[in-house]
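Novice: Okay, handing you the structure first.
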Amino acid sequence: MQPTLQQKSELKKSCSNCGAELLYAPGTTELKCDYCDHRQKILTPENGYDELDLKSYLDSMGSQSHSEVITILSCKNCGANQHIEENYKSLHCVYCNSPLIIKDAKKEEWILPGAVLPFQIDQKKAFQIFAKWVDKLWWAPNKLKKATLDPQNTKGLYVPFWTFDAQLFATYTGQRGDYYYISVPYTTTVNGKAVTRFRQERRTRWTPASGNISGFVDDTLIKASLQKTGVIPKKISHWNLNALQPFDSSYLAGFVTEKYTITLKEGHLEANKEANRIADRWARRDIGGDTQRISSLDMTLSEETFKHILLPVFVSAYTFKGKRYNFFVNGQTGELSGKRPYSFWKIFLFVLSIILMIVVIVLLVNS
Ligand SMILES: [Zn+2]
Ligand SMILES: [Zn+2]
361 MQPTLQQKSE
371 LKKSCSNCGA
381 ELLYAPGTTE
391 LKCDYCDHRQ
401 KILTPENGYD
411 ELDLKSYLDS
421 MGSQSHSEVI
431 TILSCKNCGA
441 NQHIEENYKS
451 LHCVYCNSPL
461 IIKDAKKEEW
471 ILPGAVLPFQ
481 IDQKKAFQIF
491 AKWVDKLWWA
501 PNKLKKATLD
511 PQNTKGLYVP
521 FWTFDAQLFA
531 TYTGQRGDYY
541 YISVPYTTTV
551 NGKAVTRFRQ
561 ERRTRWTPAS
571 GNISGFVDDT
581 LIKASLQKTG
591 VIPKKISHWN
601 LNALQPFDSS
611 YLAGFVTEKY
621 TITLKEGHLE
631 ANKEANRIAD
641 RWARRDIGGD
651 TQRISSLDMT
661 LSEETFKHIL
671 LPVFVSAYTF
681 KGKRYNFFVN
691 GQTGELSGKR
701 PYSFWKIFLF
711 VLSIILMIVV
721 IVLLVNS
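Counted the way the numbering used here counts, the sequence shown spans residues 361 to 727.
So this is what it looks like as structure tokens:
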């Protein structure tokens, strides 16, 4: 590995004014010094970001100029691979809060991210969203409210994804179904007499169909993290990818970056399945009618390219009575999703007070 490549994502950015570490300021395209407030613009390359040719990567993984070596700390508890910038103080797993041991750090090769979606909201704002949510929770243990009051529990994480582009072509055979209605007679009894009535029933007329479809499949987003214990909920997994920036490690300064644990090859298999679903949808639209049957679908993808991208999420991990709870806030939209514990005693006391109230009312009525 060439040293110049190694530096790409590990390069420390220091303040030209006071020498302190610069951190990315969410919602801007600037690095900011927390000590003297000096700001430095992150320069965006004019040629945008690269889509990499998929085939050459799959054929010769690792020997590409878009790979480099980074320092990775792997969590022994949940298996998440995280790349922690040196300026990141707390060495705890973002997902499960287990301590990470710095001497376990190992150098690993990775495909450089092609693009990054910078955080739009900062840690303070994410923490406010958490705190507001926790405050509104019914029957949550008091200790939970206390724990979430510690902003240290809320961390910004760049989550790895693969995206794939391809030119899709497919031939299909199947049937087109058109609905029609017929009157079906039936017998019923009116005033003791048997009478014949009609009701409408739906039928489908099937005609053979075949043809071909083609089009561009853009930005199929495939999760690249195998993480099982703290899976990011679907509810908040929507990002506007138009805001992607060409990769610059400046955007990572002050945040944790997770290294993909689903390989490009595995990600590509998932993308193929998605492309098949898209081809099926396109074929059905092409066939038309009210309903369709597809008996064969032969799909080929060409001009396949991919990107490794990083998307922003705030994670808060909290252990309560031996059970782990994760809360997530989308780092772009501020949407929240989380699992919550219930307080047995709060529910118990609430039920008890209702029973007491009923008893009192019954006694009052009887006296
Ligand atoms: Zn400074
Ligand atoms: Zn962990």
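Idealized CB from N, CA, C, for every residue including glycine.
For clarity, every value in this text was computed on a predicted model and none was experimentally measured.
1. CB of Ala380 to nearest heavy atom of ligand 1: below 7 Å?
2. Label Glu618 either buried or exposed according to how many other C-beta atoms from any shown protein chain fall within 10 Å of its C-beta, with 16 as the threshold for buried.
3. According to the neighbour-count rule (16 or more other Cβ atoms, all chains shown, within 10 Å of its Cβ), is Ala554 buried or exposed?
4. Helix or strand or just coil, what does DSSP make of Ile718?
5. What does the shell around ligand 2 hold, if a residue joins when its beta-carbon is under 6 Å from any heavy atom?
6. When burial is assigned at 16 or more other CB atoms within 10 Å of the CB, is Glu561 buried or exposed?
7. What does the alpha-carbon distance come out to for the pair Asn783 and Cys456?
8. Between which residues of its own chain and Ser655 is the CB-CB distance below 7 Å, once the five residues before and five after are set aside?
9. Count the C-beta pairs between the stretch 653 to 669 and the stretch 397 to 404 that are closer than 8 Å, then say yes if the count reaches three, no if not.
10. Leaving out five residues on either side along the sequence, give the residues of the same chain with a beta carbon under 6 Å from the beta carbon of Leu581.
11. Could you check which residue in His628, Asn600, Trp642 has the C-alpha nearest to that of Ser574?
12. Among the residues of its own chain, which have a CB less than 8 Å from the CB of Asp413, if the five just before and after it don't count?
13. State yes or no: is the C-beta of His398 nearer than 7 Å to some heavy atom of ligand 1?
14. CB of Tyr384 to nearest heavy atom of ligand 1: below 7 Å?
15. Helix, strand or coil: how does DSSP classify Gly627 here?
16. Mind checking which residues open and close the alpha helix (DSSP H) that includes Phe487?
17. Could you tell me the alpha carbon to alpha carbon distance between Arg644 and Arg637, rounded to whole angstroms?
18. Quick one: give me the first and last residue of the beta strand (DSSP E) that Ser543 is part of.
19. When we look at the beta-carbon of Leu382 and count the other beta-carbons within 10 Å, is it buried (16 or more) or exposed?
20. Quick check on DSSP: helix, strand or coil for Lys681?
21. Where does Tyr409 fall in DSSP's three states?
22. Are the beta-carbon atoms belonging to Tyr611 and Tyr384 less than 8 Å from one another?
23. Is the shortest distance between the beta-carbon of Glu381 and the beta-carbons of chain B less than 8 Å?
24. Along the beta strand (DSSP E) that carries Leu414, what are the first and last residues, could you check?
25. At the level of alpha carbons, what is the spacing between Gln367 and Asn572?
26. Does the distance from the C-beta atom of Phe607 to that of Gly474 stay below 8 Å?
27. Are at least three pairs of beta-carbons, each pair with one atom in the stretch 622 to 637 and one in the stretch 486 to 500, less than 8 Å apart?
28. Would you kindly report the start and end of the unbroken beta strand (DSSP E) that includes Cys393?
29. Pull up the distance between the alpha-carbon of Ser570 and that of Glu406, whole angstroms please.
30. Less than 8 Å between the C-beta atoms of Lys467 and Thr431, yes or no?
31. Inspect the beta-carbon positions of Pro459 and Pro672 and report whether they are closer than 8 Å.
32. Short of 6 Å in beta carbon distance, which residues of its chain neighbour Gly614, apart from the five on each side in sequence? Order them along the chain.
33. CB of Asn377 to nearest heavy atom of ligand 3: below 7 Å?
34. Does DSSP put Asp578 in a helix, in a strand, or in coil?
35. Can you list, in chain order, the residues of its chain with a C-beta nearer than 6 Å to that of Cys396? Leave out the 5 residues immediately preceding and following it.
36. Got a sec? Which residues, its chain only, sit under 8 Å from Phe563 by beta carbon, not counting five neighbours each side?
Specialist: According to the structure shown:
1. Yes; taking the cut-off as 7 Å, the Cβ of Ala380 has a heavy atom of ligand 1 nearer than that.
2. Label assigned to Glu618: buried.
3. Taking all protein chains in view, the Cβ of Ala554 is surrounded by fewer than 16 other Cβ atoms within 10 Å, so the residue is classified as exposed.
4. Reduced to three states, the DSSP call for Ile718 is helix.
5. Result: Cys435, Asn437, Cys438, Ala440, Cys453, Tyr455, Cys456, Ser458.
6. Counting Cβ neighbours within 10 Å, Glu561 comes out exposed, since fewer than 16 surround it.
7. This structure gives no information on residue 783, because the portion of the chain shown stretches from 361 to 727.
8. If we look at Ser655 and ignore the five residues flanking it on each side, its Cβ neighbours are Thr533, Gly534.
9. Short answer: they don't touch.
10. Correct list, in chain order: Phe521, Thr523.
11. The alpha carbon of Ser574 has as its nearest neighbour, out of His628, Asn600, Trp642, the alpha carbon of Trp642.
12. Cβ within range, chain order: Glu664, Thr665.
13. Yes, the beta carbon of His398 sits closer than 7 Å to at least one heavy atom of ligand 1.
14. No, since every heavy atom of ligand 1 falls outside the 7 Å radius drawn around the Cβ of Tyr384.
15. Assigned with DSSP and collapsed to three states, Gly627 falls in helix.
16. For Phe487, the enclosing alpha helix (DSSP H) has its first and last residue at 483 to 496.
17. Distance between the alpha carbons of Arg644 and Arg637: 11 Å.
18. Unbroken beta strand (DSSP E) run through Ser543: 514 to 550.
19. Around the beta carbon of Leu382, 16 or more other beta carbons sit within 10 angstroms, so the residue counts as buried.
20. Coil, per DSSP.
21. Three-state DSSP puts Tyr409 in coil, outside helix and strand.
22. Yes.
23. Looking at the structure shown, chain B is missing, and only one protein chain is on hand.
24. No beta strand (DSSP E) contains Leu414, which is instead part of the alpha helix (DSSP H) from 414 to 419.
25. Summary for Gln367: the model assigns pLDDT 43, below 50, so the residue's position carries little reliability, and this model does not support an answer.
26. Going by C-beta atoms, Phe607 is nearer than 8 Å to Gly474.
27. The stretch 622 to 637 makes no contact with the stretch 486 to 500: fewer than 3 CB pairs, one atom from each, lie closer than 8 Å.
28. Residues 390 to 393.
29. If you take the alpha carbons of Ser570 and Glu406, they lie about 45 Å apart.
30. Yes, the pair counts as a contact, with Cβ atoms nearer than the cut-off.
31. Not closer than 8 Å, so no.
32. Within the same chain, Gly614 has close Cβ partners Leu383, Tyr384.
33. Looking for ligand 3 in the displayed structure turns up nothing; the ligands present are ligand 1 and ligand 2.
34. Of the three classes helix, strand and coil, the one that applies to Asp578 here is strand, per DSSP.
35. So the qualifying residues of the chain are Asn377, Cys378.
36. For the record, residue 563 in the displayed sequence is Arg; it is not Phe. Exclusion of the five residues before and after Arg563 leaves Tyr539, Tyr540, Tyr541, Ile542 as the residues of its chain whose Cβ lies within less than 8 Å of its Cβ.
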